[in-house]
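Everything below concerns the one structure shown next.
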Amino acid sequence: MAGPMKMRATLAGGNTDVRVLMTHPMETAQQTKGAPYFIQNITVKVNGKPVIEGEISQAISRNPVFSFRLKGGAKGDKIEVSWLDNKGETNKTETAVA
Amino acid sequence: MRAVTCGAVLAAGFAAAFAPAFGQSQFEKYQKMTAEGSPVELFELAGEELWKKPQGPNKVSLEKCDLGKGPGVLKGAYAALPRYFQDVDRVMDLETRLLHCMTTLQGRSREEATKRLFGNADRPSEMEYLSAYVAGHSRGAKLAPGAAHPKEKASYALGKALFFHRAGAWDFSCASCHGEQDKRIRMSELPVLSTPKAARPVMATWPAYRVSNSQFKTMQWRINDCYRQMRMPEPTFGSEATVAMNMYLTATAKGETYRGPGTKR
């Protein structure tokens, strides 16, 4: 079962700063003797429209934290971040820009 | 709205690869980097769930647990611990008090509630999640452990004595490592915890997430593990001695604004 996620999205000088935390063991192939377990895809949507489709690797640490800046944005915009790992598990979180 | 950067960066183990080699400011730079990528809020979220979850024979949550500010009051409670509690006529720190609430409110046995005090990366312990949740409610509060009651004064005095008390196979005391300026162990500086200057930033950021092993660690664990490193007998969880040590360190740091739960190497 996927653990909690947490996200903050705040307007700052005309841009939206997003910080999102994910719970995931992020185990490498070396750690697991060939059965890596990691988040593979990250999708960021703004008001339902995808703005980032990212791929990450097993090199990312356990419980990853991502922060990024989106150009523009307005209070109340819905930001949704979801992930999909290499075992097909998924989780997502949504927040309104504050 | 368009993504301009997706630079993200991550936590921990990764940042460790860039751990700077020399100089005080480099330590601080590294600490800042790890704090920026800290997943500590995830532990607070999980802790909140546990705080509100009915458990034990009485099937009640910890929401009525009195941490010193009244039943269920979390705001600023951690920053005012350790302190004297009249209902048990002794000084308690956060974890000792949580255990008290588990055995009284929830009706759990001490054996069951202390079965797994310290967790690991794959499965953190209940005490670790709860500590994160409660401590998070003291962000911005000044550290002000109890200092008025005679038992609080005695606890401080005992903690101070223990800090300097040499014993065990190596004839170590806490001060053997934490008693001299400008010492370090590998790449970690060793704060002189008997001085407010060094104790303040340390106590303002425990309990903490450790990036090197992805684990959330509590003060009772920190004290327990220091004793292990000194090759002393394992101290009892929530004992008078461990609470006194916590009291001495927190009182030495008093007045500092709490900024935790923090992030450590």
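Taken in sequence, the protein lines are chains A and B. First residue of the first sequence: 1, per the working numbering; consecutive thereafter. First residue of the second sequence: 1001, per the working numbering; consecutive thereafter. From the three backbone atoms N, C-alpha and C, an ideal C-beta is built for every residue, glycine too. The structure presented is a predicted model; accordingly, all values stated were derived computationally and were not measured.
Alpha-carbon to alpha-carbon, residue j and residue i
| i | j | result |
| --- | --- | --- |
| A1161/B | I52/A | 57 Å |
| R1186/B | M1230/B | 17 Å |
| L1045/B | W1051/B | 10 Å |
| D1182/B | M1219/B | 23 Å |
| T993/B | A1154/B | Nothing can be reported for residue 993/B, as the shown portion of chain B is limited to 1001 through 1265. |
| R1200/B | A29/A | 41 Å |
| G1070/B | A1080/B | 12 Å |
| T43/A | T16/A | 16 Å |
| T1250/B | F1027/B | 22 Å |
| S1125/B | S1061/B | 17 Å |
| G1072/B | K1115/B | 25 Å |
| E1063/B | Q1086/B | 20 Å |
| R1166/B | F1172/B | 5 Å |
| F1022/B | Y1129/B | Unreliable placement is indicated for F1022/B, whose pLDDT of 49 sits below 50; the coordinate value is still reported in the next sentence. Looking at the two C-alpha atoms, the distance is approximately 34 Å. |
| E1041/B | T1034/B | 14 Å |
| E1095/B | L1067/B | 10 Å |
Pair within 8 Å by beta-carbon distance, residue i and residue j
| i | j | result |
| --- | --- | --- |
| M22/A | W83/A | yes |
| G76/A | G14/A | no |
| E1256/B | L1143/B | yes |
| V1134/B | M1247/B | no |
| R1108/B | G1056/B | yes |
| Q31/A | E55/A | no |
| S1253/B | P1196/B | The question names Ser, but residue 1253/B is Ala in the sequence shown. Taking 8 Å as the Cβ cut-off, A1253/B and P1196/B qualify as a contacting pair. |
| F1275/B | A1132/B | Limits of chain B in this structure are 1001 at one end and 1265 at the other, which puts residue 1275/B out of reach. |
| V81/A | V20/A | yes |
| F1163/B | C1177/B | no |
| A9/A | N91/A | no |
| P1082/B | P1150/B | no |
Limits of the alpha helix (DSSP H) - the one that residue i falls within
| i | result |
| --- | --- |
| I60/A | Neither: I60/A is in no alpha helix (DSSP H) and is coded neither H nor E. |
| D99/A | For chain A, the structure presents residues 1 to 98; residue 99/A sits outside this window and is missing. |
| M1219/B | 1219-1229 |
| V97/A | Taken as a continuous stretch (DSSP letters only), V97/A belongs to no alpha helix (DSSP H), as it is neither H nor E. |
| N15/A | From DSSP, N15/A is part of no alpha helix (DSSP H) but of the beta strand (DSSP E) over 15-22. |
| R1083/B | Premise fails: R1083/B lies in the beta strand (DSSP E), 1083-1085, not in any alpha helix (DSSP H). |
| R1200/B | 1196-1203 |
| A1046/B | 1040-1051 |
| A1080/B | Segment: none, A1080/B is in no alpha helix (DSSP H) and carries neither H nor E. |
| Y1248/B | 1240-1252 |
N-terminal and C-terminal residue of the beta strand (DSSP E) that residue i is part of
| i | result |
| --- | --- |
| K1264/B | 1262-1264 |
| K6/A | 5-12 |
| V1091/B | 1090-1092 |
| Y1209/B | 1208-1210 |
Taking only runs that begin and end inside the segment 1139-1191 of chain B, name each unbroken beta strand (DSSP E) of 3 or more residues, in chain order. 1183-1185, 1188-1190
Give, in chain order, every residue of the segment 1117-1131 of chain B whose Cβ lies closer than 8 Å to some Cβ of chain A. Listed by position along the chain: A1121, D1122.
Against chain B: residues of the segment 62-74 of chain A by CB proximity under 7 Å: R62, N63, P64, V65, F66, S67, F68, R69, L70, K71, G72, G73
Pick out the complete alpha helix (DSSP H) segments inside the segment 1103-1129 of chain B, 4 residues or longer, and give them in chain order. 1110-1113
Selection of the segment 19-30 of chain A by Cβ proximity to chain B, strictly under 7 Å: L21, T23, P25
To be precise: take each residue of the segment 1201-1226 of chain B, compare its Cβ to all Cβ atoms of chain A, and keep it if any distance is under 7 Å. Which residues remain? S1214
Jot down the residue ranges of each uninterrupted beta strand (DSSP E) in the segment 30-58 of chain A, minimum 3 residues, whole runs only, in chain order. 39-46, 49-55
Using Cβ-Cβ distances below 7 Å, what residues of the segment 1041-1059 of chain B are close to chain A? E1041, L1042, L1045, A1046
What residues in the segment 6-17 of chain A have a beta carbon less than 8 Å from any beta carbon of chain B? Contact residues of the segment 6-17 of chain A toward chain B are K6, N15, T16 (C-beta to C-beta distance below 8 Å).
Which residues, taken in chain order from the segment 1164-1192 of chain B, show a beta carbon closer than 8 Å to some beta carbon of chain A? none
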